[in-house]
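Enquirer:
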Amino acid sequence: DHFLFDKPVSPLLTCAGMARDWPDARGIWHNNEKTFLIWINEEDHTRVISMEKGGNMKRVFERFCRGLKEVERLIKERGWEFMWNERLGYVLTCPSNLGTGLRAGVHVKLPRLSKDPRFSKILENLRLQKRGTGGVDTAAVADVYDISNLDRIGRSEVELVQIVIDGVNYLVDCEKKLERGQDIKVPPPLPQFSR
Numbered sequence: 122d123h124f125l126f127d128k129p130v131s132p133l134l135t136c137a138g139m140a141r142d143w144p145d146a147r148g149i150w151h152n153n154e155k156t157f158l159i160w161i162n163e164e165d166h167t168r169v170i171s172m173e174k175g176g177n178m179k180r181v182f183e184r185f186c187r188g189l190k191e192v193e194r195l196i197k198e199r200g201w202e203f204m205w206n207e208r209l210g211y212v213l214t215c216p217s218n219l220g221t222g223l224r225a226g227v228h229v230k231l232p233r234l235s236k237d238p239r240f241s242k243i244l245e246n247l248r249l250q251k252r253g254t255g256g257v258d259t260a261a262v263a264d265v266y267d268i269s270n271l272d273r274i275g276r277s278e279v280e281l282v283q284i285v286i287d288g289v290n291y292l293v294d295c296e297k298k299l300e301r302g303q304d305i306k307v308p309p310p311l312p313q314f315s316r
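Be aware that the sequence shown starts at 122, since it is given in the numbering used here, and climbs by one per residue.
1. Determine whether the beta carbon atoms of I159 and V192 lie at a separation below 8 Å.
2. For K242 and V307, what's the separation of their Cα atoms in angstroms?
3. Which whole runs of the alpha helix (DSSP H) in the region 236-279 are 4 residues long or more, in chain order?
4. Secondary structure at F170, three-state DSSP: helix, strand or coil?
5. Which of helix, strand or coil does DSSP assign to V227?
6. Taking L209 and L281 to be in contact with their CB atoms under 8 Å, please state how far apart those CB atoms are, rounded to whole angstroms.
7. Grouping DSSP H, G and I as helix and E and B as strand, with all else coil, what is I286?
8. Rounded to a whole number of angstroms, what is the C-alpha to C-alpha distance between F124 and E207?
9. By Cβ distance, which residues of its chain are closer than 8 Å to E202, with the 5 residues on each side in sequence left out?
10. So, at 6 Å on beta carbons, what are the nonlocal neighbours of D267 in its own chain, with the 5 sequence-adjacent residues on each side left out?
11. Can you round the beta-carbon distance between M172 and T156 to whole angstroms, since I take them to be within the 8 Å contact cut?
12. Assuming contact is defined by CB atoms lying nearer than 8 Å, are E296 and R233 in contact in what I supplied?
13. Among the residues of its own chain, which have a CB less than 7 Å from the CB of A260, if the five just before and after it don't count?
14. Anyone know if the C-beta pair for L249 and N270 falls short of 8 Å?
15. Taking DSSP's pairing of strands, which residues face I161 in a bridge?
16. Cβ atoms of T214 and D165: under 8 Å apart, would you say?
17. Tell me whether N218 sits in a helix, a strand or coil according to DSSP, three-state version.
18. Should M311 and L247 be called a contact, given that it needs their Cβ atoms to be closer than 8 Å?
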């Protein structure tokens, strides 16, 4: 089901002590449908995940928001809360996740676009990043990439999800154009921060 997490092998994670005392005090909780999960003590104390096949990002995001709200309520009932800074937003283990901490990802097959020399620039201008479907520091398999928002700070969660939706639609459109032998364009860069 691809729900359990493996012992970290990334130098970024192992150097920060993420693999220490593995697998003690680590676990997972999920709903019956296996569309809402909470990883305990993977990279952070908690990682909240909402996912499903089929591309309905709105439903995935709404489930994420409802679930996270309930998790926060239960944590606060016990006198705890997620670490929050007025200037930085949520504070997580990896500095790249400061702010919202939200990474909205879509698995998409891009056999032609991924080989185009403009692919990296297109991603950069759309404020997107790519990785393999196995997580950070993994390569794409069979041209399937996990495309997600590059930024976590400087925009709202809704804006970040919309950037992913719009960006993935653009990438798929580029892939279809390349399939038909048509030219594609590098889009103008999105600003890093919203106004």
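Idealized CB from N, CA, C, for every residue including glycine.
Since the model is a prediction, treat every value here as computed from it, not as a measurement.
Expert: In terms of the structure at hand:
1. Numbered from 1 along the sequence shown, position 38 holds the residue referred to as residue 159. Numbered from 1 along the sequence shown, position 71 holds the residue referred to as residue 192. Yes, Cβ-Cβ distance for I159 and V192 is below 8 Å.
2. Residue 242 sits at position 121 when you count from the first residue of the sequence shown. Residue 307 sits at position 186 when you count from the first residue of the sequence shown. CA-to-CA, the gap between K242 and V307 works out to about 7 Å.
3. Inside the region 236-279, DSSP marks whole alpha helix (DSSP H) runs of 4 or more residues at positions 240-246, from first to last along the chain.
4. What you label residue 170 is simply residue 49 of the sequence shown in a count that begins at 1. It should be pointed out that residue 170 corresponds to Ile in this sequence rather than to Phe. In the structure shown, I170 falls within a strand segment according to DSSP collapsed to helix, strand and coil.
5. Working through the sequence shown from its first residue, we reach residue 227 at position 106. Looking at V227 - three-state DSSP - the assignment turns out to be strand.
6. Looking up residue 209 in the sequence shown gives position 88. Looking up residue 281 in the sequence shown gives position 160. L209 to L281, Cβ: 16 Å. No contact.
7. Numbered from 1 along the sequence shown, position 165 holds the residue referred to as residue 286. Of the three classes helix, strand and coil, the one that applies to I286 here is helix, per DSSP.
8. Counted from its first residue, the sequence shown places residue 124 at position 3. Counted from its first residue, the sequence shown places residue 207 at position 86. Taken atom to atom, the span from the alpha-carbon of F124 to that of E207 is near 33 Å.
9. Here residue 202 refers to the residue found at position 81 of the sequence shown. Sequence-distant Cβ neighbours of E202 in its own chain, meaning closer than 8 Å and more than five residues away, are E193 and I196.
10. Here the question's residue 267 lines up with position 146 in the sequence shown. Cβ neighbours of D267 beyond the five flanking positions: G226, H228, R252 and T254.
11. Taking the sequence shown and counting its residues from 1, one reaches residue 172 at position 51. Taking the sequence shown and counting its residues from 1, one reaches residue 156 at position 35. Here M172 really is in contact with T156; their C-beta atoms are around 6 Å apart, less than 8 Å.
12. As a first step, residue 296 must be located in the sequence shown, where it is residue number 175. As a first step, residue 233 must be located in the sequence shown, where it is residue number 112. Yes.
13. Mapped onto the sequence shown, residue 260 falls at position 139. Residues of the same chain with a CB within less than 7 Å of the CB of A260, apart from the 5 flanking positions on each side, are G253 in chain order.
14. The sequence position of residue 249 within the sequence shown is 128, counting from 1. The sequence position of residue 270 within the sequence shown is 149, counting from 1. Contact: yes.
15. Along the sequence shown, one-based indexing puts residue 161 at 40. For I161, the pairing in a beta bridge is given by DSSP as G148 and T167.
16. Reading the sequence shown from its first residue, position 44 is the one you call residue 165. Reading the sequence shown from its first residue, position 93 is the one you call residue 214. With contacts defined as CB atoms closer than 8 Å, D165 and T214 qualify as a contacting pair.
17. In the sequence shown, the residue the question calls residue 218 occupies position 97. Of the three classes helix, strand and coil, the one that applies to N218 here is helix, per DSSP.
18. Sequence index remark: in the sequence shown, residue 311 carries index 190 (1-based). Sequence index remark: in the sequence shown, residue 247 carries index 126 (1-based). For the sequence presented, residue 311 should be read as Leu rather than Met. Yes, the Cβ-Cβ distance between L311 and L247 is below 8 Å.
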